[in-house]
């Protein structure tokens, strides 16, 4: 949805590059084996970008399992019913959408989702979505990094299990590995929380921007 921006590119490259960097540092590869930076940078960016997409798929799964009992837009509209009624009227009047509020005042999930998509498309066509795109790129970054921290956490747990079975020996002390595991777990929780926050902020800006722009165009 929309043009691909530098923020979108970085939201994939940075998580993938972080994963590569952490793996590289943990493998203790001698510096003499490093390829010249000028030759290394392009493959690094490409691989980081591709890995970012894989982490994005995992991040979407984490997002769905973590807090997607109801779509964010439904929760937001339910919590702001006065604005919801106003947005509903503007959506029907300006975009010819169906009402997403039933006769009993309940938010209809499917219709509110269709209205949200059409509102976003409208703002995109009117080029009033720059702030929203930035927030959505930030949401994508935290979603993708949640996949990174989850994979690293799983690797660390597997290494712990293999160490207990005397199959592998940990490179660092036990305390250091416990701290590393806690760091991955903390980073995972932080990414999930920030992912949810940024997505909610983006959706809020969609409704606020639509209301402000339609009212301004009406007065003009």
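Numbering (our numbering), first residue to last: 202 to 421. Glycine included, each C-beta is placed from N, C-alpha and C at the ideal position. Computed from a predicted model, the values in this text were never measured in an experiment.
DSSP-derived helix/strand/coil call for residue i
| i | result |
| --- | --- |
| residue 202 | At residue 202 the pLDDT is 47, less than 50, meaning the model places this residue with poor confidence; the figure from the coordinates comes in the next sentence. Here residue 202 sits in coil by DSSP. |
| residue 320 | helix |
| residue 392 | helix |
| residue 329 | coil |
| residue 226 | helix |
| residue 282 | helix |
| residue 378 | helix |
| residue 369 | coil |
| residue 297 | coil |
| residue 405 | helix |
With 16 other Cβ atoms within 10 Å as the buried cut-off, status of residue i
| i | result |
| --- | --- |
| residue 328 | exposed |
| residue 363 | exposed |
| residue 280 | exposed |
| residue 257 | buried |
| residue 294 | exposed |
| residue 298 | buried |
| residue 244 | exposed |
For residue i, the nearest candidate out of the options (CA to CA)
| i | options | result |
| --- | --- | --- |
| residue 411 | 206, 267, 333 and 225 | 333 |
| residue 305 | 282, 405 and 369 | 282 |
| residue 349 | 246, 226 and 252 | 252 |
| residue 265 | 344, 373 and 368 | 344 |
| residue 248 | 303, 347, 325 and 218 | 218 |
| residue 346 | 390, 268, 335 and 225 | 390 |
| residue 221 | 242, 369 and 330 | 242 |
| residue 259 | 352, 386 and 394 | 352 |
| residue 303 | 297, 296 and 312 | 312 |
| residue 207 | 224, 342 and 399 | 342 |
| residue 321 | 262, 406 and 310 | 406 |
| residue 399 | 224, 366 and 274 | 274 |
| residue 414 | 324, 361, 335 and 209 | 324 |
Residue(s) in a DSSP beta bridge with residue i
| i | result |
| --- | --- |
| residue 308 | 302 |
Would you call the region 377 to 387 and the region 345 to 357 in contact, with 3 or more CB pairs under 8 Å? yes
Measuring CB atoms only, is the region 285 to 298 touching the region 314 to 322, in the sense that at least three cross pairs come out at less than 8 Å? yes
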